[in-house]
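Going line by line, the protein sequences match chains A and B.
Residue 7 is where the first sequence starts when you use our numbering, and the numbers rise one by one after that.
Residue 146 is where the second sequence starts when you use our numbering, and the numbers rise one by one after that.
Every residue, glycine too, gets a C-beta built ideally from N, C-alpha and C.
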Amino acid sequence: MKEVVQYIIDGAALGSLYALFALGIGLIFGIMNLINFAHGELIMVGGYVLVYVSSPATPIRVLVMLLAVVVLALAMERAAFRPVRHARADTLLVTSFAVSFFLQSLAIVTVGALPKSAGILSGLNESFQIGDYAIRKLDVFTVAVTAVLLVALVAFLGRTPLGVQMRAAAEDFRMARALGVRANTVVATAFALSGFLAGVAALILVAQTGLVSPTMGLAPVLAAFIATIIGGLGSLSGAVLGGYLLGSLTVALQAMLPLSLRPYRDAFVFAAVVLVLILRPQGLISSRATVERV
Amino acid sequence: MTSYQRHLTPVILGALVVVVTVLGSFGSAVLQTTLVTMLIDVILVVGLYVFVGNSGVFSFGQIGFMAIGAYTAANLRIPSVTKAALFPSMPDLELPSTLATLVGGGAAAAIALVIAIPLMRLSGLVASLGTFAFLNIVFIVASNLDEVTGGSTGIAAVPATTTRNTALIWALVAIALAWAFQQTRICLCLRGSREDEAAARAVGIGITSERTAAYVLSAFINGIAGGLFAQFYGTFNPSAFFIDVTFLTVAMLVVGGVLSLSGAVVGALFISLLTEALRRVETGVDLGVFSLPELIGLQQVAIAIAMLLVLLLRPRGLTGGDEITPAWLRALWRRPRPGAILEAAWKRRPARPAEAAPATDGAGAAILAVRDLMVRYGNLTAVQGVSLDVAEGELVGLIGPNGAGKSTTLAAIAGFLAPASGSIEFRGVRVAGEPPEKIVRRGIAVVPEGRHIFGTLSVAENLQLGSTPVADRAAAAETLEGVLELFPILRTYYRSSAAKLSGGEQQQLAIARALLSRPRLLLLDEPSLGLAPLMVDVLFDKLALLKQTGTTILLVEQNAVATVEIADRTYVLRTGRIVTSGTREKLLETTDFAAAYLGVRA
Chain A
7 MKEVVQYIID GAALGSLYAL FALGIGLIFG IMNLINFAHG ELIMVGGYVL
57 VYVSSPATPI RVLVMLLAVV VLALAMERAA FRPVRHARAD TLLVTSFAVS
107 FFLQSLAIVT VGALPKSAGI LSGLNESFQI GDYAIRKLDV FTVAVTAVLL
157 VALVAFLGRT PLGVQMRAAA EDFRMARALG VRANTVVATA FALSGFLAGV
207 AALILVAQTG LVSPTMGLAP VLAAFIATII GGLGSLSGAV LGGYLLGSLT
257 VALQAMLPLS LRPYRDAFVF AAVVLVLILR PQGLISSRAT VERV
Chain B
146 MTSYQRHLTP VILGALVVVV TVLGSFGSAV LQTTLVTMLI DVILVVGLYV
196 FVGNSGVFSF GQIGFMAIGA YTAANLRIPS VTKAALFPSM PDLELPSTLA
246 TLVGGGAAAA IALVIAIPLM RLSGLVASLG TFAFLNIVFI VASNLDEVTG
296 GSTGIAAVPA TTTRNTALIW ALVAIALAWA FQQTRICLCL RGSREDEAAA
346 RAVGIGITSE RTAAYVLSAF INGIAGGLFA QFYGTFNPSA FFIDVTFLTV
396 AMLVVGGVLS LSGAVVGALF ISLLTEALRR VETGVDLGVF SLPELIGLQQ
446 VAIAIAMLLV LLLRPRGLTG GDEITPAWLR ALWRRPRPGA ILEAAWKRRP
496 ARPAEAAPAT DGAGAAILAV RDLMVRYGNL TAVQGVSLDV AEGELVGLIG
546 PNGAGKSTTL AAIAGFLAPA SGSIEFRGVR VAGEPPEKIV RRGIAVVPEG
596 RHIFGTLSVA ENLQLGSTPV ADRAAAAETL EGVLELFPIL RTYYRSSAAK
646 LSGGEQQQLA IARALLSRPR LLLLDEPSLG LAPLMVDVLF DKLALLKQTG
696 TTILLVEQNA VATVEIADRT YVLRTGRIVT SGTREKLLET TDFAAAYLGV
746 RA
């Protein structure tokens, strides 16, 4: 029983982190059919900002970092994705692949391939006791921050005019434009939000490991990629659901797989992805945006 | 230009690879390693192309097949004694080098055949994601299956038998295989479905088996590359077959041009040479006056930039998606403007008398003047008094919503419909009511909506029909040359039946066919209708080129944005009447127009 509760806590924390990654990818895919592989590099850059902006108080460091990542996300959209906005989905994916690789290589050239350490919120790695359970503060922090962001995002999409425009654009971009929705505004907003989420993800990752490296974006982006496919590309609730499912699946496989198969855990996860693609190519929660635009 | 010349493509590509290899072999010892790596990359990219280029579906999993080929070949090559110590659970089997490479390719192909069963049913992006999941699975298995792969520390003691010459021979074999596959019926069907997957599926073309064939061959070639890789380096670990190589090979293919074998080879060579040049910079350069510091990772930055530039500026790659033929090379050498041949051909059209010249609000003299045109279908008046002018060399757009009367106007000009009243004057002659076969001889050619290609005839025969009104055979040949230069894809499929072409290619054929009558005015009816977005871009690029040759065009389109962008002037038609007209700037000022047709907020 004790173990089960521990697994649920682990699953919730991991799932929240994955949901953050997946939302960043899902927001943009919904609007412009782009799976932004370079989302991982936004996280990476966020990490390096925390490394190099080390003197001021923690809240200022975090704000500077969030701002930098949002600006980078907007710049990325303007420079690389806007010119190819109407291309096919796989061309967009290839473009984001190139952006990702570009930023990663640029990081290697400028700051080197070796990981750097960055201390922020390291106190969160301590645990506290509730009865028999040792709970890591960072896990609580992750779950809480994700919950706050989700509520804020839902409020934004549901209550503000821009949010409604974004939901309309995700469903039928052409029709939304025909009604006067400005394409550039909607896309830029999606990138800014996605950048913000990447910044928060960077904060949690750095707090967790204390390390930053040029390739640190790969694992999050792979997780986001799996979560959005499982949940349903283009559906935001699907992305969140996918994130939590992936978190639970990962923790469950870790706990239940026999020791000899445990190293292959992620292979099973990817096999589950292929299975979902075959059985429900639209994901668990389908959305109109995943129907191939012909 | 005859069609046998297209078969020279693999020879040219092979020669290119050989020349680069021979030149490189005079270099330093380090360069020899680079050379073999480059040849392996050529094989990998050709393998990637066989699937991606022909099917139009991006695969991010082909490097997984390289891994399978590499580990298979490695296990068949490690000497018995070493194997007994390092990999005791593996069968004690030692094969000759070439055989081990082949078995590696075969193993990759066999696995491809199995995973194709689920993957090849998926469409577009979903299939791409599936292949990426496959790459990850292979990587994870390779990192942990210690008994076979040595886990993440990797494998060692594979005899290094891959020489420059073996790699070169295999690169040539890969090019030949890819070219041979491209000539098969299977591949033609596959390419036909490329831009139009939905349409192909809708008419019941089962592309699953064709795709599977391309996928298996692609995996085989990548497996071979893996086998050569294993027997070149001797020591390697799973990270050699993951994201980095996947990105490198995808970048090479994109930079060269995804849609042609030439693109694959040129891209691989280009990026290899670029990387080699930068390797020297990366280790630091001392230029006397100043020295560049050591910049590790610069090669990767340059590759990423090259790829981004190509994606943004030349989306069809360095080769533009065409195969390299002798004509392509000559064009490169002489650097004529595209369309120069056609432009020259137009200049030699016989002059005709009586160029009546009512001035238009454009520039030159109107060659087509339509006045108060009315067309009725029974009681329904589809066109209610339309007047428009087209001057020599102009591209005039005619846009408007469904049922506005655009196509009807065009049909009346082309002679398919007799107008109820009004006049159509072409170069000073009243042509209203004349039959189409007479009108085409007056110099008006039409590309009707729906293309109307003769599917049972070959591309060549379709084109030949287009020159029916041209008596002068030399002139017909010259026009054909010019048209093929503008639409090189038609040369590639010159002897194939036209039905096999994809929608976009058929549209190009329909335009080319109309041009062969050496028209003074080309009427285009909805050329972008039903085409995939990528092909719409190609089409409008071609129209822009055509305009530069001095071809006079009247373009009827639903795609208002693209039309207004390309046209000198555009008429906007609504319920049988012209509501507004003018240049792009003028139309954009009319807020009503902008809101209705361009999606610009008023």
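Spatially closest choice to residue i from the options, by CA coordinates
i, options, result
"P304(B)", "A375(B), T694(B) and R339(B)", "A375(B)"
"A359(B)", "G627(B), G201(B), T694(B) and F599(B)", "G201(B)"
"L513(B)", "G169(B), V541(B), S204(B) and G545(B)", "V541(B)"
"V115(A)", "G442(B), P593(B), I320(B) and A272(B)", "G442(B)"
"P269(A)", "G412(B), S242(B) and I285(B)", "I285(B)"
"A621(B)", "T308(B), I569(B) and S612(B)", "S612(B)"
"D272(A)", "L265(A), L203(A), L259(A) and I284(A)", "L259(A)"
"E282(A)", "L217(A), A233(A), L267(A) and L265(A)", "First, the amino acid is wrong: residue 282(A) is Val here, not Glu. For V282(A), the nearest C-alpha among the options comes from A233(A)."
"G523(B)", "G727(B), A563(B), A485(B) and S552(B)", "A563(B)"
"P633(B)", "E468(B), V455(B) and I450(B)", "E468(B)"
"G125(A)", "A277(A), P62(A) and L255(A)", "P62(A)"
"L242(A)", "G169(A), R188(A), V212(A) and G17(A)", "G169(A)"
Cβ of residue i within 8 Å of any chain B Cβ
i, result
"D178(A)", "no"
"I284(A)", "yes"
"V280(A)", "yes"
"Y270(A)", "yes"
"S219(A)", "no"
"P6(A)", "The shown model of chain A, from 7 to 300, leaves out residue 6(A), and the question about it has no answer."
"L40(A)", "no"
"L112(A)", "yes"
"A4(A)", "What the structure shows of chain A is the stretch from 7 to 300, and residue 4(A) is not part of that stretch, so it cannot be assessed."
"A194(A)", "no"
"V277(A)", "According to the sequence as given, residue 277(A) is Ala; it is not Val. It does: the Cβ of A277(A) has a partner Cβ on chain B nearer than 8 Å."
"F107(A)", "yes"
Bounding residues of the alpha helix (DSSP H) (the contiguous stretch that carries residue i)
i, result
"E730(B)", "R729 to E734"
"L228(A)", "L224 to G237"
"Y139(A)", "It is not in any alpha helix (DSSP H) - Y139(A) instead sits in the beta strand (DSSP E) that spans Y139 to R142."
"M211(B)", "Q207 to R222"
"I698(B)", "Unbroken run through I698(B) is the beta strand (DSSP E), I698 to E702; no alpha helix (DSSP H)."
"I558(B)", "K551 to A559"
"D682(B)", "P678 to Q693"
Any chain A beta carbon closer than 8 Å to residue i
i, result
"R442(B)", "Reading off the sequence, residue 442(B) comes out as Gly, not Arg. So, interface residue."
"V318(B)", "no"
"F203(B)", "yes"
"V156(B)", "no"
"L679(B)", "yes"
"V706(B)", "no"
"L270(B)", "yes"
"L153(B)", "no"
Beta-carbon proximity of residue i to residue j, cut-off 8 Å
i, j, result
"S566(B)", "V615(B)", "no"
"S407(B)", "T464(B)", "yes"
"L109(A)", "A44(A)", "yes"
"L684(B)", "G649(B)", "yes"
"V75(A)", "G201(A)", "yes"
"I320(B)", "G159(B)", "yes"
"L667(B)", "L660(B)", "yes"
The ligand SAH heavy atom lying under 7 Å from the CB of residue i
i, result
"A287(B)", "This structure does not include the ligand SAH; it has no bound ligands of any sort."
Extent of the continuous beta strand (DSSP E) to which residue i belongs
i, result
"S61(A)", "S61(A) -> no beta strand (DSSP E), and no H or E assigned at all."
"F134(A)", "S133 to I136"
"V541(B)", "L540 to I544"
"A514(B)", "A511 to Y522"
"T526(B)", "L525 to A536"
Give, in chain order, every residue of the region 70-104 of chain A whose Cβ lies closer than 8 Å to some Cβ of chain B. A86, P89, V90, H92, A93, R94, A95, D96, T97, L99, V100, T101, F103 and A104
Check each residue of the region 444-455 of chain B: if its Cβ is closer than 7 Å to any Cβ of chain A, include it; give the result in chain order. Q445, V446, A449, I450, M452 and L453
Residues, ordered as in the chain, of the region 225-249 of chain B that lie near chain A by beta-carbon distance below 7 Å: The residues in question: there are none.
What residues in the region 222-255 of chain A bring their beta carbon closer than 9 Å to a beta carbon of chain B? L224, L228, F231, I232, I235 and L239
What are the residues in the region 360-392 of chain B lying within 8 Å of chain A by C-beta distance? I388 and F392
Which residues, in order along the region 114-133 of chain A, keep a beta-carbon less than 9 Å from a beta-carbon of chain B? I114, V115, T116, G118 and A119
Quick one: which residues of the region 274-299 of chain B get their C-beta closer than 8 Å to a C-beta of chain A? List them in chain order. L274, G275, F277, A278, F279, N281, I282, I285, V286, S288 and N289
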